[in-house]
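J.:
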Amino acid sequence: MPSIASQPKLLSTTQAAGLLNVSRRTVLNWIEAGKVPYVKLPGGEYRLPLSGLLASLSGTYRLEEEIRALDERNADLTDEDVQAALGL
Amino acid sequence: MRPVVLDTSVALPAVLSPRGYRRRLLVLLAFGALAARRELAHSEAQAMRTATQPPTRELGGPSAETLAHHADARYQRLAAHMPPGCPEHWRMIGSQPLLDEYHRKLDQAGPKLDPALDAHRIEIASAQLQAACATITDSFDPTLIPRYSTDRDDDAIIHTALLANAAWLISDDRKHISTNPDGITEYHLPDHERHISAVTFSTFTDLLTDVDLDHIDPTLLATAFADTP
Chain A
0 MPSIASQPKL LSTTQAAGLL NVSRRTVLNW IEAGKVPYVK LPGGEYRLPL SGLLASLSGT
60 YRLEEEIRAL DERNADLTDE DVQAALGL
Chain B
0 MRPVVLDTSV ALPAVLSPRG YRRRLLVLLA FGALAARREL AHSEAQAMRT ATQPPTRELG
60 GPSAETLAHH ADARYQRLAA HMPPGCPEHW RMIGSQPLLD EYHRKLDQAG PKLDPALDAH
120 RIEIASAQLQ AACATITDSF DPTLIPRYST DRDDDAIIHT ALLANAAWLI SDDRKHISTN
180 PDGITEYHLP DHERHISAVT FSTFTDLLTD VDLDHIDPTL LATAFADTP
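Those sequence lines, one after another, are chains A and B. Each residue of the first sequence is one higher than the last, beginning at 0 in numbering that gives the first Met the number 0. Each residue of the second sequence is one higher than the last, beginning at 0 in numbering that gives the first Met the number 0.
1. How would you list, in chain order, the residues of chain A whose beta-carbon sits under 7 Å from the beta-carbon of R36 of chain B?
2. Can you say whether P6 of chain B is buried or exposed, counting buried as having 16 or more other CB atoms within 10 angstroms of its CB?
3. Give the C-beta separation of S148 of chain B and K174 of chain B to the nearest angstrom, bearing in mind that I take them to be a contact with Cβ-Cβ under 8 Å.
4. Near P141 of chain B, what residues of its chain come up, given a Cβ to Cβ distance below 6 Å and the 5 sequence neighbours on each side ignored?
5. For the putative contact between A10 of chain B and L161 of chain B, defined by C-beta atoms under 8 Å, what is the C-beta separation to the nearest angstrom?
6. Can you pull the chain B neighbours of Q82 of chain A, defined as C-beta to C-beta under 7 Å?
7. Return the CA-CA distance between H88 of chain B and M0 of chain B, expressed in angstroms with no decimal places.
8. Which residues in the same chain as S16 of chain B place their Cβ atom closer than 7 Å to its Cβ, once the five residues preceding and following it in sequence are excluded?
9. Spatial neighbours of N164 of chain B within its chain, please: C-beta separation below 8 Å, excluding the five flanking residues on both sides.
10. Could you check whether T184 of chain B and I92 of chain B sit closer than 8 Å to each other, using their CB atoms as the reference points?
11. To the nearest angstrom, how far is the alpha carbon of R37 of chain B from that of A221 of chain B?
12. Closer than 7 Å between beta carbons: that is the criterion. Which residues of the stretch 24-52 of chain A meet it against chain B?
13. Do S125 of chain B and L105 of chain B have their C-beta atoms closer together than 8 Å?
14. Can you list, in chain order, the residues of its chain with a C-beta nearer than 6 Å to that of Y186 of chain B? Leave out the 5 residues immediately preceding and following it.
15. Please name the residue or residues paired with P48 of chain A in a DSSP beta bridge.
16. Cβ of S11 of chain A less than 8 Å from any chain B Cβ?
17. Quick check: is the beta carbon of L19 of chain A nearer than 8 Å to any beta carbon in chain B?
18. Round the Cβ separation of L9 of chain A and A35 of chain B to the nearest angstrom and send it over; I've been treating them as touching at under 8 Å.
19. Is it buried or exposed for P217 of chain B, if we count other Cβ within 10 angstroms and need 16 for buried?
20. Look at the Cβ atom of K34 of chain A, then the Cβ atom of S11 of chain A, and state whether they are nearer than 8 Å.
21. For my contact list, Y20 of chain B and D80 of chain A are in at a C-beta cut-off of 8 Å; report their separation, rounded to the angstrom.
Next up, the structure:
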């Protein structure tokens with residue numbers, strides 16, 4: 000998983016590919032498809048904002064609904080139940 | 000900013016016990032994470048504007064401004080339900096080895112609580128912890144870090160806290176609990192002045208003077224991670 004820094008970071012396509020463990024071609028495909036924010040520099044190189052990149056690619060599942068479903072299922076579990084299962 | 004690291008003994012109850020006190024702390028930390036993402040999104044939007052000077056440079060894809068507005072909306076939606084004046088400086092810090100350790104313990108303990116807790120649900124529980132992290136430290140190889148404790152798995156947690164310069168490592172594991180009267184155990188990064196204080200959840204709530212966890216609704220975690228503004 001890439002580091003989420005507290006300072007703005009504009010990445011090259013090679014850096015973005017390395018952080019996300021995908022090929023540079025994949026990053027270029029995202030750019031060409033307009034899936035991720037980017038700046039195109041005069042020389043043709045791209046720069047991508049890290050958190051904007053992650054925000055654009057997130058959403059493989061709807062976490063809000065999944066959390067509500069899991070909470071409903073675990074409604075009766077207490078902190079002590081969980082710690083006992085951890086052997087504490 | 001007040002960075003904290005949660006040991007598995009606190010993090011797992013926070014995700015699996017929806018009405019517990021540790022869940023209230025996770026909601027507070029999720030609030031901090033949304034504040035951090037909002038700040039970063041605006042900084043990135045500014046960096047993108049700067050990068051398009053001179054204006055011959057081309058912007059594309061989703062607008063960084065739009066993403067910043069989405070980050071604002073996510074923050075505001077949770078803020079509307081938090082206690083008045085609730086601090087947003089409490090930030091949960093993670094690392095890949097720590098997230099892996101959360102996942103491993105969820106795999107171990109989850110089925111004991113609910114035999115039907117399948118891989119997908121464990122993934123969701125794990126994703127909540129990842130989403131609540133305001134910052135993920137640079138990755139490290141847990142086999143190459145110094146030995147801080149008697150348990151090598153705990154060393155990755157302590158190392159994360161030291162890397163993050165965390166204010167507190169919060170743990171209910173007896174291995175971390177000090178017999179000192181103040182209930183605080185200190186770990187030191189070898190050859191550095193940096194140190195981390197480990198406290199129990201109960202001691203931490205005594206130290207948490209800027210907000211009362213009683214006033215935080217534990218059901219808000221889902222609201223914090225709503226998909227779209």
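We put the beta carbon where it would ideally sit given N, CA and C, even for glycine.
T.: In terms of the structure at hand:
1. S50
2. Residue identity check: residue 6 of chain B is Asp in the sequence provided, not Pro. Label assigned to D6 of chain B: buried.
3. 6 Å
4. P96 and A155
5. Incorrect: roughly 18 Å between the Cβ atoms, too far for contact.
6. S8, P12 and D171
7. 5 Å
8. R22
9. P2 and R193
10. no
11. 18 Å
12. I30, G33, K34, V35, P36, Y37, V38, K39, L40, P41, R46, P48, S50 and G51
13. yes
14. Y147, I157 and I195
15. A:L9
16. no
17. no
18. Incorrect: roughly 18 Å between the Cβ atoms, too far for contact.
19. buried
20. no
21. Incorrect: roughly 13 Å between the Cβ atoms, too far for contact.
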